[in-house]
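Add 635 to a position in the sequence shown, counting from 1, and you land on the number used in this note's numbering. Note sheet for the following structure.
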Amino acid sequence: HTLWSLIISTFHCISVLTRQIILFITSSLFTKIITAASGQNVTLTCRAPNSNNIIVVEWSRADLETEYVLLYRNKKLDPENQHPSFKNRVDLQDRQMKDGDVSLILNNVTTADNGTYECRIFMRERQRRKRAHLKTDPITDTSHLFLTCRSDRRRHRGWICWTESWSNCSCCGGCCYWCCCSCCCCCWFCDLQKP
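In structure tokens:
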């Protein structure tokens with residue numbers, strides 16, 4: 636059984652544009668310098684692991700405070716939160732974001748474009764929950780209960796999260812792992828989550 640939940644993953648790409656209009660792009664994997672003359676167009680590169688689950692792309696510059704260089708959300712660009720100096724000058728290199736490409740094209744570069752640019756990508760991930768039913772005799776405080784949780788995937792990478800919930804016995808029927816203790820029920824849930 637697969638549930639959809641919003642797990643936010645962020646990926647950062649930092650680009651620095653200097654007075655000489657030299658573009659400095661850095662990430663944890665590489666450093667690349669791009670030079671551009673005034674009036675040229677430049678591409679600030681940023682890529683997510685895939686494009687399937689991208690829900691928000693934020694291109695920002697530190698000195699712009701709350702306004703964005705470019706903001707993509709709800710499957711479209713959001714010009715209302717864009718800094719006026721970037722209106723009609725920036726776009727995504729590929730609006731369909733194939734292969735996770737969220738690179739920014741900055742047109743007609745000037746020295747006013749100096750600064751540090753940051754790309755943030757928010758993604759929706761799948762979360763799996765495995766369910767099983769367990770019925771036991773009443774358990775006292777000194778008893779131990781051992782529950783197992785298995786993934787239906789061969790190689791599950793991530794973590795297992797056990798949670799419990801207490802309710803009266805009339806509510807126990809639909810719980811995941813449960814055990815009746817006198818007049819109340821303990822419901823145990825096993826969540827298999829991606830990192």
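Note that beta-carbon positions come from the ideal geometry of N, C-alpha and C, so glycine has one too. Values in this document were obtained by computation on a predicted structure and should not be read as measured data.
Item, Value
"What is the C-beta distance between residue 705 and residue 739, in whole angstroms, given that I count them as a contact (C-beta under 8 Å)?", "6 Å"
"Could you tell me how far apart the beta carbons of residue 752 and residue 682 are, in whole angstroms, since I believe they sit closer than 8 Å?", "So it is not a contact: roughly 15 Å between Cβ atoms."
"Considering Cα atoms alone, identify which of 730, 757, 720 and 734 is closest to residue 744.", "720"
"In whole angstroms, give me the CA-to-CA distance for residue 707 and residue 714.", "9 Å"
"What residue range is occupied by the uninterrupted beta strand (DSSP E) comprising residue 735?", "Here residue 735 belongs to no beta strand (DSSP E), and DSSP marks it neither H nor E."
"Taking 8 Å as the limit between beta carbons, can you name the residues of its chain near residue 676, skipping five residues before and five after?", "740, 741, 742, 743 and 744"
"In the structure shown, what three-state DSSP assignment does residue 693 receive?", "strand"
"Go ahead and pull the three-state DSSP assignment for residue 729.", "coil"
"Would you decide whether residue 717 is buried or exposed? Buried here means 16 or more other CB atoms lie within 10 Å of its CB.", "buried"
"Which residues bound the beta strand (DSSP E) around residue 678?", "677-679"
"Please state the DSSP three-state secondary structure of residue 746.", "helix"
"Apply the 10 Å Cβ neighbour rule to residue 734 and answer buried if 16 or more other Cβ atoms are within range, or exposed otherwise.", "exposed"
"Find out if the Cβ-Cβ distance for the pair residue 693, residue 759 is shorter than 7 Å.", "no"
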